[in-house]
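Take a look at the structure set out below.
Numbering (UniProt numbering), first residue to last: 1 to 195.
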């Protein structure tokens, strides 16, 4: 089934189309939310919210990009909004940032040890939202650069610049950490990036 056919059925409120759309995209939505929020319960909530919005607002999709790209955009926005909401209420929490532990095992995580993952994810949280989004979509979700640009609604050149700054900032954050000795940073290597 093509995107166009699926969208037409979604607009007609076809229950089978809802299931197909959900099945095709749920893993990517959940993992993207999980990367941002680092909390399984919140990632589940965002996943539900994203699909409710997709099904409710499908008529507003202009079809100038792939359906999956639009769904990613909704996921990224919902995740960033949740992070901002969490930051506003963070004064209630008494935990120090160093005590934060990632409470999941992401299937695509490249770090060899959970301690490494905690350090990398804490460093990622210090990135500006635009750098974090470009980094997650490109290096963790392994999305092609042009698709990252489409999701972020920006140019390919802007994405490449964001990624370079993100990698530089992550290296600095991690190198400043006392825990960084021996950590493998495969994801930050200067290998030829995907096109």
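Think of the CB as a built atom: it goes at the ideal place given N, C-alpha and C, for glycine as much as any other residue.
Since the structure is predicted, the reported quantities are computational estimates derived from the model, not experimental observations.
Less than 8 Å separating the beta-carbons of residue i and residue j?
i	j	result
residue 166	residue 127	yes
residue 130	residue 162	yes
residue 82	residue 37	yes
residue 172	residue 156	no
residue 25	residue 71	yes
residue 67	residue 20	no
residue 124	residue 139	no
residue 141	residue 39	no
residue 33	residue 41	no
For the alpha helix (DSSP H) that contains residue i, what are its first and last residues?
i	result
residue 126	Segment: none, residue 126 is in no alpha helix (DSSP H) and carries neither H nor E.
residue 57	40-57
residue 200	This structure gives no information on residue 200, because the portion of the chain shown stretches from 1 to 195.
residue 164	156-176
residue 5	3-11
residue 65	Residue 65 -> no alpha helix (DSSP H), and no H or E assigned at all.
residue 136	Where residue 136 is concerned, there is no enclosing alpha helix (DSSP H), given that its DSSP letter is neither H nor E.
residue 23	15-37
Closer than 7 Å: is that where the CB of residue i sits relative to any heavy atom of the ligand FMN?
i	result
residue 54	What this structure holds is no ligand at all, so the ligand FMN is not there to describe.
Between residue i and residue j, which are expected to be in contact by the criterion C-beta below 8 Å, what is the C-beta distance as a whole number of angstroms?
i	j	result
residue 69	residue 151	5 Å
residue 30	residue 2	Rounded, the Cβ-Cβ distance is 24 Å, inconsistent with contact.
residue 199	residue 119	Given a span of 1 to 195 for the chain in the structure shown, any question on residue 199 remains unanswerable.
residue 76	residue 133	6 Å
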